[in-house]
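J.: Residue 123 in UniProt numbering sits at position 123 of the sequence shown, and the numbers go up by one each step.
Virtual Cβ for every residue (Gly too), placed ideally from N, Cα, C.
Sending over a structure as structure tokens; questions will come in a sec.
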Amino acid sequence: MLNASSLNRLSQLQRLQLSSFAGVLPIKDLSKLKYLRELILVSNEFSGGIPEEVGLLSSLQKLDLRNQHQGPIPASIGGLTFLVELRLSRLNVLQLDGNQLSGSIPESLGSLLSLEWLDLGENKLEGSIPSTLINLSRLNVLQLYGNQLSGSIPSTLGNLSRLNDLLLYGNQLSGSIPESLGSLLSLELLDLGNNKLEGSIPSTRGNLSRLNGLELYGNQLSGSIPESLGSLLSLEWLDLGENKLEGSIPLSIANLTLLYSLSGLLLNDNDLSGDFSFTFFANVSSLKYAHLSANPKLTISHNNFTPAFPLHCLNLSSCDMRRCDLSSPGFLSTQNQLVTVDLSKSNIFGNIPSWLLENTGELLLDGKLLTGVQFLPNISYDLNNLDISNNPISRNFPKNFSIYFPNLQSLKMSQNFLNDDIMFYINVLHQWL
1 MLNASSLNRL
11 SQLQRLQLSS
21 FAGVLPIKDL
31 SKLKYLRELI
41 LVSNEFSGGI
51 PEEVGLLSSL
61 QKLDLRNQHQ
71 GPIPASIGGL
81 TFLVELRLSR
91 LNVLQLDGNQ
101 LSGSIPESLG
111 SLLSLEWLDL
121 GENKLEGSIP
131 STLINLSRLN
141 VLQLYGNQLS
151 GSIPSTLGNL
161 SRLNDLLLYG
171 NQLSGSIPES
181 LGSLLSLELL
191 DLGNNKLEGS
201 IPSTRGNLSR
211 LNGLELYGNQ
221 LSGSIPESLG
231 SLLSLEWLDL
241 GENKLEGSIP
251 LSIANLTLLY
261 SLSGLLLNDN
271 DLSGDFSFTF
281 FANVSSLKYA
291 HLSANPKLTI
301 SHNNFTPAFP
311 LHCLNLSSCD
321 MRRCDLSSPG
331 FLSTQNQLVT
341 VDLSKSNIFG
351 NIPSWLLENT
361 GELLLDGKLL
371 TGVQFLPNIS
381 YDLNNLDISN
391 NPISRNFPKN
401 FSIYFPNLQS
411 LKMSQNFLND
421 DIMFYINVLH
431 QWL
């Protein structure tokens, strides 16, 4: 057993190398060596995890703990601002997310051959993703999100056959999506969002039968949505929003009657066209989020049917709903769990149905063609945000809306035909407040 207290007197010590010791790693005592730059503790039999006190070695530049330590890497290592070399050859989990780590990702991480989980997310890391990560054949989780990484995604990542989660979102990665990622047959979550990726979506994504989350939002991807996405029968969340995708939504997606687990479909802010109907998802019982907004060439049908899904959020703003009469029966009238509905600038007309005012938390109807309220609604305790701006509304809008919508927090009603009553509404607001 190492008696580290005897080393405290060596106050100027800069390099310490020890081997063939047992017991608990004596970092707490060694932390008093303020000038220690290199700590090398190889070939020992220390038990337990790496203590948090390792972060007190503020001058440390090299830390070599190649032993059989258990548990996660302590977050305090992120405070070792001078550290340039870290060696932990038997390490299974390296989790340093949410620190202020900067510089590039060390090539030497590729020597951690036992690593199963690597999380360097939410730091300030720069440079490219090192190609040496291909050596981490046991890796299940690779999370490099929320940094400033640049360059292309290494095609060699497609050789990490055990990978379950690949999270690279929120960087500055460029180039195309490697087709080799289609070889990751164990992949369950792929998030490459908010980068600078270009080119088309490789059709090889259809090979990922275990994939339940595919997120490619916020890039510059172009071309059409691949038909092969229709074979992702485990998919729960599909987010291709904020790209440059064009063409129609493929029938392989629209007819996914076997895709019972889909809960989120986000295709917003693209250049999609053609016809889309929610009847394609009539048998999908789990759909909760549908975000197709900002596709002005996309035509949406408001069919009259009773779907199995309980929508929470529907955003069809700046789509074309074919001059749909909003007050006519449609699948929306069957929904009673709505939180947000955005039909702004979507070419709807007629009267606002009372059921839509009663069953929604946030209702955004900014447009040009709505003329009034179909019937006075029952009291709605859910509605907190209502926007009816830029509509020729002139009748049946309840003047005493503080009674009908007691929890309303935001009301927008500019540019309509209610001007004669504006002082009445202002007085109501004063009483309300």
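#1: Are there 16 or more other CB atoms within 10 angstroms of the CB of Glu52, so buried, or fewer, so exposed?
#2: Where does Asp165 sit, in a helix, a strand or coil, going by DSSP?
#3: Which full runs of the beta strand (DSSP E) of 3+ residues lie inside the region 162-246, going along the chain?
#4: For Tyr381, count the other beta carbons within 10 Å of its own beta carbon; 16 or more makes it buried, fewer makes it exposed. Which is it?
#5: Measuring only the C-alpha atoms, how far is Pro129 from Gly151?
#6: Measure the Cβ-Cβ separation of Asn212 and Ser234 and say whether it is below 7 Å.
#7: In whole angstroms, give me the CA-to-CA distance for His302 and Leu136.
#8: For Val42, write down the residues that DSSP places opposite it in a beta bridge.
#9: Do you know how far the Cα of Leu167 is from the Cα of Gly55?
#10: Return the first residue and the last residue of the beta strand (DSSP E) that Asp29 is part of.
#11: When the Cα of Cys313 is compared with those of Asp97, Asn359 and Lys62, which residue comes out closest?
#12: Please give me, in chain order, every unbroken run of the beta strand (DSSP E) with length at least 3 that falls completely inside the region 110-153.
#13: Kindly indicate which three-state DSSP category Arg15 falls into: helix, strand or coil?
#14: When DSSP labels each residue in this structure, what does Leu265 get in the three-state scheme?
#15: Relative to the alpha-carbon of Leu7, which residue among Leu18, Leu30 and Ser19 has its alpha-carbon at the smallest distance?
#16: For Thr279, name the three-state secondary structure that DSSP assigns.
#17: Starting from the C-beta of Thr340, find all residues in its chain whose C-beta is less than 6 Å away, skip the five residues before and the five after it, and write them out in chain order.
#18: In the DSSP assignment, what residue or residues form a beta bridge with Asn298?
#19: Just how far apart, CA to CA, sit Gly121 and Lys368?
#20: Only counting the same chain, and skipping five residues up and downstream in sequence, which positions put a Cβ closer than 7 Å to that of Ser131?
#21: Tell me whether Lys345 is buried or exposed, calling it buried when 16 or more other Cβ atoms sit within 10 Å of its Cβ.
#22: Taking the beta carbon of Glu179 as the centre, do at least 16 other beta carbons fall within 10 Å, making it buried, or is it exposed?
#23: Less than 7 Å separating the beta-carbons of Pro307 and Ala282?
#24: Where does Asn10 land, buried or exposed, given buried means 16+ other C-beta within 10 angstroms?
#25: Would you kindly work out how many angstroms separate the C-alpha atoms of Ser277 and Ile300, rounded to a whole number?
#26: Over what stretch of residues does the alpha helix (DSSP H) that includes Ile403 continue unbroken?
#27: Suppose the cutoff is 8 Å on Cβ atoms and the five residues either side in sequence are ignored; what does the same chain contact list for Leu370 look like?
#28: I'd like the span of the beta strand (DSSP E) that includes Ser410, first residue to last.
#29: Roughly how many whole angstroms lie between the Cα atoms of Leu115 and Leu197?
#30: Who are the near neighbours of Glu242 in its chain, counting only those whose CB is closer than 6 Å to its CB and skipping five residues on each side?
#31: Roughly how far, in whole angstroms, is the beta-carbon of residue 434 from the beta-carbon of Asn164, given that I think they are within contact range, below 8 Å?
#32: Does Ser333 come out as helix, strand or coil in the three-state DSSP assignment?
#33: Would you say Gln148 and Glu126 are within 7 Å of each other, going by their C-beta atoms?
#34: Exposed or buried, which one is Ser108 when buried takes at least 16 other CB atoms within 10 Å?
#35: The alpha helix (DSSP H) spanning Glu358 covers which residue range?
#36: Only counting the same chain, and skipping five residues up and downstream in sequence, which positions put a Cβ closer than 8 Å to that of Asn427?
T.: In short:
#1: Locating residue 52 in the sequence shown gives position 52, counting from the first residue. Flag for Glu52 reads exposed.
#2: Position 165 of the sequence shown, counted from the first residue, corresponds to residue 165. Correct three-state label for Asp165: strand.
#3: 165-167, 172-175, 189-191, 196-199, 213-215, 220-223 and 237-239
#4: Sequence index remark: in the sequence shown, residue 381 carries index 381 (1-based). Flag for Tyr381 reads exposed.
#5: Counting from one through the sequence shown, the residue named residue 129 turns up at place 129. Counting from one through the sequence shown, the residue named residue 151 turns up at place 151. In the sequence as displayed, the identity of residue 129 is Ile instead of Pro. Roughly 8 Å separates the two Cα atoms.
#6: By 1-based counting over the sequence shown, the position of residue 212 is 212. By 1-based counting over the sequence shown, the position of residue 234 is 234. A contact, by the Cβ cut-off of 7 Å.
#7: Along the sequence shown, read from residue 1 onward, the residue named residue 302 stands at position 302. Along the sequence shown, read from residue 1 onward, the residue named residue 136 stands at position 136. Those two C-alpha atoms are separated by around 50 Å.
#8: Counting from one through the sequence shown, the residue named residue 42 turns up at place 42. For Val42, which the question treats as bridged, DSSP gives no partner whatsoever.
#9: Your numbering for residue 55 matches position 55 in the sequence shown. Your numbering for residue 167 matches position 167 in the sequence shown. Distance between the alpha carbons of Gly55 and Leu167: 27 Å.
#10: For the purposes of this step, residue 29 is identified with residue 29 of the sequence shown, where counting begins at 1. Per DSSP, Asp29 belongs to no beta strand (DSSP E); it is in the alpha helix (DSSP H), Ile27 to Leu30.
#11: As a position in the sequence shown, residue 313 is number 313, starting the count at 1. It is Asn359 whose Cα lies nearest to the Cα of Cys313.
#12: 117-119, 124-127, 141-143 and 148-151
#13: Along the sequence shown, one-based indexing puts residue 15 at 15. If DSSP states are grouped into helix, strand and coil, Arg15 belongs with the strands.
#14: The count along the sequence shown starts at 1 and reaches residue 265 at position 265. Three-state DSSP puts Leu265 in a strand.
#15: Reading the sequence shown from its first residue, position 7 is the one you call residue 7. It is Leu30.
#16: Sequence index remark: in the sequence shown, residue 279 carries index 279 (1-based). The answer is helix: DSSP assigns Thr279 an H, G or I state.
#17: Against the sequence shown, residue 340 aligns to sequence position 340. Result list for Thr340: Cys313 and Glu362, in chain order.
#18: Taking the first residue of the sequence shown as 1, we reach residue 298 at position 298. It should be pointed out that residue 298 corresponds to Leu in this sequence rather than to Asn. Bridge partners of Leu298: Gly274.
#19: As a working note, residue 121 is residue 121 in the sequence shown. As a working note, residue 368 is residue 368 in the sequence shown. Whole-angstrom Cα-Cα distance: 45 Å.
#20: Taking the sequence shown and counting its residues from 1, one reaches residue 131 at position 131. For Ser131, where only same-chain residues beyond five positions count, the Cβ hits under 7 Å are Pro154 and Thr156.
#21: In the sequence shown, counting from the first residue as 1, residue 345 sits at position 345. With 16 or more Cβ atoms within 10 Å of its Cβ, Lys345 is classed as buried.
#22: The residue labelled residue 179 in the question sits at position 179 within the sequence shown. Its Cβ having fewer than 16 others within 10 Å, Glu179 is exposed.
#23: On the sequence shown, residue 307 is found 307 positions in, with the first residue counted as 1. On the sequence shown, residue 282 is found 282 positions in, with the first residue counted as 1. Yes, Cβ-Cβ distance for Pro307 and Ala282 is below 7 Å.
#24: In the sequence shown, residue 10 corresponds to position 10, counting from 1. Note that residue 10 is Leu in the sequence shown here, rather than Asn. Label assigned to Leu10: exposed.
#25: By 1-based counting over the sequence shown, the position of residue 277 is 277. By 1-based counting over the sequence shown, the position of residue 300 is 300. C-alpha separation (whole angstroms): 6 Å.
#26: Position 403 of the sequence shown holds residue 403. Looking at the DSSP string, the run of the alpha helix (DSSP H) that includes Ile403 is Phe401 to Tyr404.
#27: Numbered from 1 along the sequence shown, position 370 holds the residue referred to as residue 370. So the list reads Leu326, Ile348, Phe349, Gly350, Asn351, Ile352, Ile388, Asn391, Pro392 and Ile393, once near-sequence residues are dropped.
#28: Position 410 of the sequence shown, counted from the first residue, corresponds to residue 410. Looking at the DSSP string, the run of the beta strand (DSSP E) that includes Ser410 is Ser410 to Lys412.
#29: Here residue 115 refers to the residue found at position 115 of the sequence shown. Here residue 197 refers to the residue found at position 197 of the sequence shown. For Leu115 and Leu197, the distance between alpha carbons rounds to 28 Å.
#30: Sequence index remark: in the sequence shown, residue 242 carries index 242 (1-based). Around Glu242: Tyr217, Gly218 and Asp269.
#31: Because the chain in this structure spans residues 1 to 433, residue 434 falls outside the shown range and cannot be described.
#32: The residue you call residue 333 lines up with position 333 of the sequence shown. Note: Ser333 maps to helix in three-state DSSP.
#33: For the purposes of this step, residue 148 is taken as residue 148 along the sequence shown, with counting starting at 1. For the purposes of this step, residue 126 is taken as residue 126 along the sequence shown, with counting starting at 1. Result yes, Cβ atoms of Gln148 and Glu126 sit closer than 7 Å.
#34: Taking the first residue of the sequence shown as position 1, residue 108 is located at position 108. Counting Cβ neighbours within 10 Å, Ser108 comes out exposed, since fewer than 16 surround it.
#35: By one-based count along the sequence shown, residue 358 stands at place 358. Start and end: Ser354 to Glu358.
#36: Along the sequence shown, one-based indexing puts residue 427 at 427. For Asn427, the predicted structure reports a pLDDT of 48, less than 50, and the residue's modelled location is therefore unreliable. A value from the coordinates is still provided. Same-chain partners within the cutoff: there are none.
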